[in-house]
Amino acid sequence: MRISINVTDQSWPEQTRPERSRPERSRPTALPTALADVARRAEDAGVDTLWVPDHLVQADPTLPPEHDDQLEAYTTLGYLAARTSRIRLGTMVSAATFRAPALLVKAVTTLDVLSGGRAWFGVGAGHEAREAADMGLDLPGTRARLDRLEDVLRLARQMWAGDESPFTGSGGLRLERPRCRPAPATPGGPPILVGGAGERRTLRLVAEHADACNVFDLPDDGVTVRHKLAVLAEHCAAVGRDVTAIDRTLSARLQPGTTADDLAAKAETAAGWGVTHLVLVTPQPWDDVAVTCVAGALRQVGDA
Numbered sequence: 013m014r015i016s017i018n019v020t021d022q023s024w025p026e027q028t029r030p031e032r033s034r035p036e037r038s039r040p041t042a043l044p045t046a047l048a049d050v051a052r053r054a055e056d057a058g059v060d061t062l063w064v065p066d067h068l069v070q071a072d073p074t075l076p077p078e079h080d081d082q083l084e085a086y087t088t089l090g091y092l093a094a095r096t097s098r099i100r101l102g103t104m105v106s107a108a109t110f111r112a113p114a115l116l117v118k119a120v121t122t123l124d125v126l127s128g129g130r131a132w133f134g135v136g137a138g139h140e141a142r143e144a145a146d147m148g149l150d151l152p153g154t155r156a157r158l159d160r161l162e163d164v165l166r167l168a169r170q171m172w173a174g175d176e177s178p179f180t181g182s183g184g185l186r187l188e189r190p191r192c193r194p195a196p197a198t199p200g201g202p203p204i205l206v207g208g209a210g211e212r213r214t215l216r217l218v219a220e221h222a223d224a225c226n227v228f229d230l231p232d233d234g235v236t237v238r239h240k241l242a243v244l245a246e247h248c249a250a251v252g253r254d255v256t257a258i259d260r261t262l263s264a265r266l267q268p269g270t271t272a273d274d275l276a277a278k279a280e281t282a283a284g285w286g287v288t289h290l291v292l293v294t295p296q297p298w299d300d301v302a303v304t305c306v307a308g309a310l311r312q313v314g315d316a
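For the sequence shown, this note's numbering assigns the number 13 to the initial residue and increments by one for each residue that follows.
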């Protein structure tokens, strides 16, 4: 069982808040230091991956309104790549419609090159209608978004294979000569995680194109998780793929007061559901206490 962290809340309390009457005086100098410290501590603890959300505004509805800071994802991951040496880095997840497909693939490839092969490509169909309206982002209907997701997955594989032939997608996407230079540091390209658990099409795309899926921890003793992973296994069987080749990640909350023993027990339970990779989010910015809890759980998981 691997354990990762997802830095969804980026509003560290030491950060200087903007003065609304004089926005030019905003100096959020604590945020870069706090973020880099969390990344280095997580790396030292043996955390597998540091994920960040790919949003332009805070999209976690459980956070208080004042916790609205949100950095652009790929700039953030590039910053963290320069301040770490082992921990893997990725988005949880990028919406396939928010950037031109080739630009998105190029951003992930650049992260992989500059981090020495530590990038994940986390991608999904997208769903945040409020964010799209507020920020002028493209968010078509569900079918069109899933078509775009499939096109992005196919395009990434083609570009990482060095195939520069014309690309035609199912949703009208056309590229005359897609190319990817420099090539990714990871042979064949970064591993792909597809976010979302739609049973008919999203999990089918995982089976056909991805290296990992992501499902959510619900308060139903694993009933939903086991069901979603069973559906994924059926899709894998249909396309002739071994489901154990797919990293089955579970997003779960690390609540205040959780101990390392509690978290290790959670990891053991999740493993019994078929999960291979636990991704933790916190209801506040990551700090020493939370990272220390993860470190203690990782030691117990490793000993087991």
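Just so you know, even glycine gets a beta-carbon here, dropped at the ideal spot from N, CA and C.
Residue nearest to residue i in terms of C-alpha spacing, selected from the options
i: Ala141; options: Gln70, Gly128, Arg193, Ala302; result: Gln70
i: Val251; options: Val218, Val227, Asn226; result: Val218
i: Thr103; options: Arg95, Asp124, Ser97; result: Asp124
i: Val237; options: Thr288, Pro73, Asn18; result: Thr288
i: Ala42; options: Pro25, Arg53, Arg52; result: Pro25
i: Thr281; options: Arg53, Asp300, Val313; result: Val313
i: Asn226; options: Leu115, Thr87, Ala137; result: Ala137
i: Leu161; options: Phe179, Ala173, Ala108; result: Ala108
i: Met147; options: His67, Gly58, Leu230, Val50; result: His67
Residues that DSSP places opposite residue i in a beta bridge
i: Ser263; result: Phe228, Val291
i: Ile204; result: Phe133
i: Ile99; result: DSSP output for Ile99 lists no bridge partner at all.
i: Ser23; result: Answer is none; Ser23 lacks a bridge partner.
i: Ser16; result: Val291
Inter-residue CB distance, residue i and residue j (contact presumed, cutoff 8 Å)
i: Val117; j: Ala131; result: That pair is no contact at about 11 Å.
i: Glu78; j: Ser23; result: 7 Å
i: Val384; j: Asn18; result: Because the chain spans 13 through 316 in this model, residue 384 falls outside it and cannot be assessed.
i: Thr294; j: Asp21; result: 7 Å
i: Pro178; j: Leu187; result: 7 Å
Pairwise C-alpha distance: residue j and residue i
i: Pro35; j: Asp80; result: The predicted position of Pro35 is uncertain, since its pLDDT is 49 and thus under 50; no value can be drawn from it.
i: His247; j: Arg253; result: 8 Å
i: Gln296; j: Arg265; result: 11 Å
i: Glu176; j: Pro76; result: 47 Å
i: Val135; j: Gly208; result: 9 Å
i: Phe110; j: Asp159; result: 14 Å
i: Met171; j: His221; result: 14 Å
i: Pro65; j: Ala302; result: 19 Å
i: Asp56; j: Ala48; result: 12 Å
i: Asp274; j: Gly308; result: 10 Å
i: Ala54; j: Leu149; result: 32 Å
i: Arg37; j: Thr270; result: Note that Arg37 scores 47 on pLDDT, short of 50, meaning its location in the model is unreliable; the coordinates nonetheless yield the value given after this. Spanning the two alpha carbons is a distance of roughly 38 Å.
i: Leu185; j: Gly58; result: 40 Å
i: Trp298; j: Ala276; result: 18 Å
Distance CB(residue i)-CB(residue j) smaller than 8 Å
i: Phe133; j: Ala168; result: yes
i: Ala156; j: Gly129; result: no
i: Pro199; j: Asp223; result: no
i: Leu262; j: Leu215; result: no
i: Leu241; j: Val105; result: no
i: Asp60; j: Ser97; result: no
i: Arg260; j: Gly284; result: no
i: Pro231; j: Ala114; result: no
i: Leu101; j: Leu62; result: yes
i: Met13; j: Ala279; result: yes
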